[in-house]
Amino acid sequence: MHVNSFKLPNHQVPLKPTKLTYPLQLHTYSINQNRIVLYNNHQLSFYKGCRIGEDLNAGLDNAIFNQNIEHLDPLLQCISHYKLDWWNYSVVTFRGLLTKLTTALYNYDDDWCMNCMLIGQTIFISDNAPPAKPESVNHKRFMYHGYAFEHFSTSSDPDIHINNSEQWATLNKLRIGNHKVLTAGEVDCVDNRQSDKDIDSYKPHQNDYIELKTSMQIFNQHQKDNFDKKLLKFYFQSYLLGVPKIIVGFKNKQGILVSQKEYDTLALPSMVRGSNYEWDPKKCLSLADLLIDFIRNAIISIGNESLLYKVHYNAAQRAIHLTTTHLDDINYPSPDPFQRYGFMPAHLHTEMKARVNKV
Numbered sequence: 001m002h003v004n005s006f007k008l009p010n011h012q013v014p015l016k017p018t019k020l021t022y023p024l025q026l027h028t029y030s031i032n033q034n035r036i037v038l039y040n041n042h043q044l045s046f047y048k049g050c051r052i053g054e055d056l057n058a059g060l061d062n063a064i065f066n067q068n069i070e071h072l073d074p075l076l077q078c079i080s081h082y083k084l085d086w087w088n089y090s091v092v093t094f095r096g097l098l099t100k101l102t103t104a105l106y107n108y109d110d111d112w113c114m115n116c117m118l119i120g121q122t123i124f125i126s127d128n129a130p131p132a133k134p135e136s137v138n139h140k141r142f143m144y145h146g147y148a149f150e151h152f153s154t155s156s157d158p159d160i161h162i163n164n165s166e167q168w169a170t171l172n173k174l175r176i177g178n179h180k181v182l183t184a185g186e187v188d189c190v191d192n193r194q195s196d197k198d199i200d201s202y203k204p205h206q207n208d209y210i211e212l213k214t215s216m217q218i219f220n221q222h223q224k225d226n227f228d229k230k231l232l233k234f235y236f237q238s239y240l241l242g243v244p245k246i247i248v249g250f251k252n253k254q255g256i257l258v259s260q261k262e263y264d265t266l267a268l269p270s271m272v273r274g275s276n277y278e279w280d281p282k283k284c285l286s287l288a289d290l291l292i293d294f295i296r297n298a299i300i301s302i303g304n305e306s307l308l309y310k311v312h313y314n315a316a317q318r319a320i321h322l323t324t325t326h327l328d329d330i331n332y333p334s335p336d337p338f339q340r341y342g343f344m345p346a347h348l349h350t351e352m353k354a355r356v357n358k359v
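Following UniProt numbering from start to finish, the sequence shown increments by one per residue and tops out at 359.
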C-alpha cells in the first residue's frame, strides 16, 4: 500500500546545510569464503602495490562470485556479538545503502529499492535485491577487473583465485544531521608501508585504510566527465567508513593496468569543482538528511513493527515512494542459514525486541 512520496529537488537548488560527523570505528570483523562471520581480522590485507602491465583478466574463468542476498545478517550478528546499543541510533544499515542516500541528489539515471523494518524508534534498512548479475560477458569481465586489481595490490601470489565472499569489514557510527547512524562495510586493505608490524600484531586504525578502484584510462573530455561522475560514489563509499585514501588503477580496453594514482578522499570535491560534472558533498548530505527524515517519520508515524516498508526511488520521476507490505515480501537467501522474521534472522529479531522492551 502506498503511504507517502518525496520529490527530490534539482541538484542546483540551494539546500539548508546539515552536519556530518567523521565516522568513528567501533569494531572490525571478517567474513570467510563460506560467508561465516568471524570476530577477528583474519581477512585483513596489507597494501603491496600492483605492477603496471598486470593483466586484470587473469583468473577470470575460476572466479567465484557470491550472488546470494544476505540482508543485514553480518551487521546484526556483530551488533549482537559486541552488545552494541543499537536502540540509540536512528538508522542501522550497510555503507552501500547509505551511499545510495548520500548520492541521490545527482542520481538522474538509476532506480533502486530498499526494505525497512522498525524496532522501537530505530529503522533497519536492507537491500531489496541480491547482488546484480553480470549482464554480458564483457560486463562480467569489467566487474572482475576490480577484484583482480585488489588481489594484485595486496598479494604477491601470482596464482589468483578470486572468491568475493571473503571480506574484511569495519563497523562505524556517525551522525547525519540529527540522525545517529550505525553502519558497516568492507575495507579493501590497509597501508602498512610505514610500519614493520605483521597482520597478527597490527591494530586496525582508520588512518591506514585504503579503498581500491579501477577505471578506464582517460583520453578525452567525455571520459574525464565519466570519471568525475564516478568520483562522487568513490567519495561517499570511502568517507562513510572513514577511509582516507583511494587508489585507482587505470586500465586499457584489454584490461591491462596502465597506470595508478592515489587520491586523498577529502580532496575529491575540490578536484571536480568547475568541471562538467561538478558535485557538492554538502548538498548531498543535506538531501540525505531530508531523506532519512522522510523515511523515519513516515514509518514511525505508522508504528507497525509487523510490516515491511519499501522505499522505491524512481529516477525518471525524481521521487521516492514509501509503501507498506507483508514481512514475507522479500528475496530469501538460497540456501538460507536462518529462520527469518522479515529480512532479519528470527533469533536476532527476538533478541532485539526483548532488549528494546527493557529500555
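Glycine is no exception: its CB is placed at the ideal position from the N, C-alpha and C atoms.
Listed in chain order, the alpha helix (DSSP H) runs fully inside the stretch 109-195 are 137-154, counting runs of at least 4 residues.
DSSP places F227 inside the alpha helix (DSSP H), whose first and last residues are Q221 to Y239. Between L212 and I247 a beta carbon distance of about 6 angstroms is seen, short of the 8 angstroms cut, so the two are scored as contacting. When the alpha-carbon of I176 is set against those of L75, A346, D157 and L20, the nearest one is in L20. Here I119 is actually not in contact with S90; their C-beta atoms are around 12 angstroms apart, not less than 8 angstroms. Counting other Cβ atoms within 10 Å of its Cβ, V137 stays below 16 and is therefore classed as exposed. Under DSSP, D264 takes part in a beta bridge, and its partners are K245. Beyond the five residues adjoining it in sequence on each side, A319 comes within less than 7 angstroms, by CB distance, of S5, F6, K7 and L8 in the same chain, given in chain order. Classified as exposed, A267 has fewer than 16 neighbouring CB atoms from the shown chains inside 10 Å of its CB. Here the C-alpha atom of L307 lies approximately 42 angstroms from the C-alpha atom of V272.
When DSSP states are grouped into helix, strand and coil, F338 belongs to the coil group. If the five residues before and after K229 are omitted, its C-beta is found closer than 7 angstroms to the C-beta atoms of Y277, all from its own chain and listed in chain order. Measuring C-alpha to C-alpha distances from N128 to each of D109, F142 and T93 identifies T93 as the nearest. Here F294 carries a helix assignment [DSSP, helix/strand/coil]. K203 sits in coil when the DSSP states are folded into three classes, being neither helix nor strand.
In the structure shown, the three-state DSSP call for Q25 is strand. Contact check between the stretch 103-113 and the stretch 293-308: fewer than three CB pairs, one atom from each, fall below 8 angstroms, which does not count as touching.
Taken in chain order, the complete beta strand (DSSP E) segments of 3 or more residues contained in the stretch 70-101 are 91-94. Here the alpha carbons of K251 and N57 stand approximately 11 angstroms from one another. D264 and P244 have their C-alpha atoms some 6 angstroms from each other. Inclusion of S126 and L97 in the CB contact set at 9 angstroms is warranted, their separation being smaller than that value.
Taking a 10 Å sphere around the C-beta of Q221, we find fewer than 16 other C-beta atoms and assign the residue as exposed. Cα atoms of F219 and S201: separation of roughly 44 angstroms, rounded to the nearest angstrom. For L348, the uninterrupted alpha helix (DSSP H) segment begins and ends at A346 to V356. Distances from the alpha-carbon of P335 to those of C78, G146, N66 and D208 put N66 closest. V258 sits in a strand when the DSSP states are folded into three classes. With a 10 Å radius around the Cβ and a threshold of 16 neighbouring Cβ atoms, L174 comes out buried.
V190 places its beta carbon less than 9 angstroms from that of L44. Under DSSP, L322 takes part in a beta bridge, and its partners are N4 and V311. Shown here for S155: same chain residues with a beta carbon closer than 8 angstroms to its own, the five before and five after excluded, namely S45 and K48 in chain order. Within the same chain, and ignoring the five residues on either side of N68 in sequence, the residues whose Cβ sits closer than 7 angstroms to its Cβ are P130, P333 and S334.
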